[in-house]
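Residue numbers (UniProt numbering): 1 to 182.
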């Protein structure tokens with residue numbers, strides 16, 4: 001089923017193209033600031049993850065008292081307490097938390113890369129299967145590079161990912177805004 005975009009919606013987006021471009025420029029500037037101090041960007045990333053985990057943990061703890069009759073209050077309370085403790089840990093020791101997060105990211109990239117390579121070879125009779133394999137190899141290589149540099153790279157790798165993401169999102173919004181104007 002093909003998706004069609006409402007012409008009125010298209011005009012509304014085209015009328016706001018400047019906002020997309022402005023947001024893109026701001027994101028690129030934030031990415032530049034992050035590139036300028038990767039350690040500070042890493043700590044900011046850890047604080048963000050820590051805050052999300054702390055909020056999630058507190059919500060799980062509150063939820064535990066709402067499910068008293070289910071007989072699983074202990075599960076919900078322990079789950080919430082673990083999340084909240086992990087969130088607090090990120091604030092108490094962001095450098096060690098960044099080391100743990102970097103290690104988990106390396107493992108996740110290695111596993112995802114291996115899986116993508118396997119899927120690519122399973123798709124071998126189809127055209128384009130090689131691109132899946134190449135994508136998997138790049139993901140695997142990124143994971144291995146991070147793993148080889150761990151734990152030293154934990155001080156900057158999360159900040160680098162944040163900086164790159166901010167710049168790429170900024171460029172995407174500028175391109176979208178300029179093309180939407182058209």
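Cβ atoms here follow ideal geometry from the backbone N, Cα and C, with glycine treated the same way.
- Query: Apart from the five residues on each side of it in sequence, which residues of its chain come closer than 7 Å, Cβ to Cβ, to residue 167?
  - Reply: 28, 31
- Query: Between the region 156-174 and the region 108-127, are three or more C-beta pairs nearer than 8 Å?
  - Reply: no
- Message: Once the 5 residues before and after residue 75 are set aside, which same chain residues still bring their CB inside 6 Å of it?
- Response: none
- Message: Measuring straight from C-alpha to C-alpha, what distance separates residue 98 and residue 87?
- Response: 12 Å
- On the three-pair Cβ rule with 8 Å, is the region 13-25 touching the region 48-56? no
- Identify whether residue 72 lies in helix, strand or coil by the three-state DSSP scheme. coil
- Item | Spatially closest choice to residue 37 from 162, 63, 79, by CA coordinates | 162
- Message: I'd like the span of the alpha helix (DSSP H) that includes residue 7, first residue to last.
- Response: 7-15
- Task: Note the first and the last residue of the continuous alpha helix (DSSP H) segment covering residue 40.
- Result: 38-64
- Query: What is the DSSP secondary structure of residue 153, reduced to helix, strand or coil?
  - Reply: helix
- Candidates 175, 104, 133: which alpha carbon is nearest residue 115's? 133
- Can you give me the Cβ contacts of residue 20 inside the same chain, cut-off strictly under 6 Å, excluding the 5 residues immediately before and after it? 173, 176, 177
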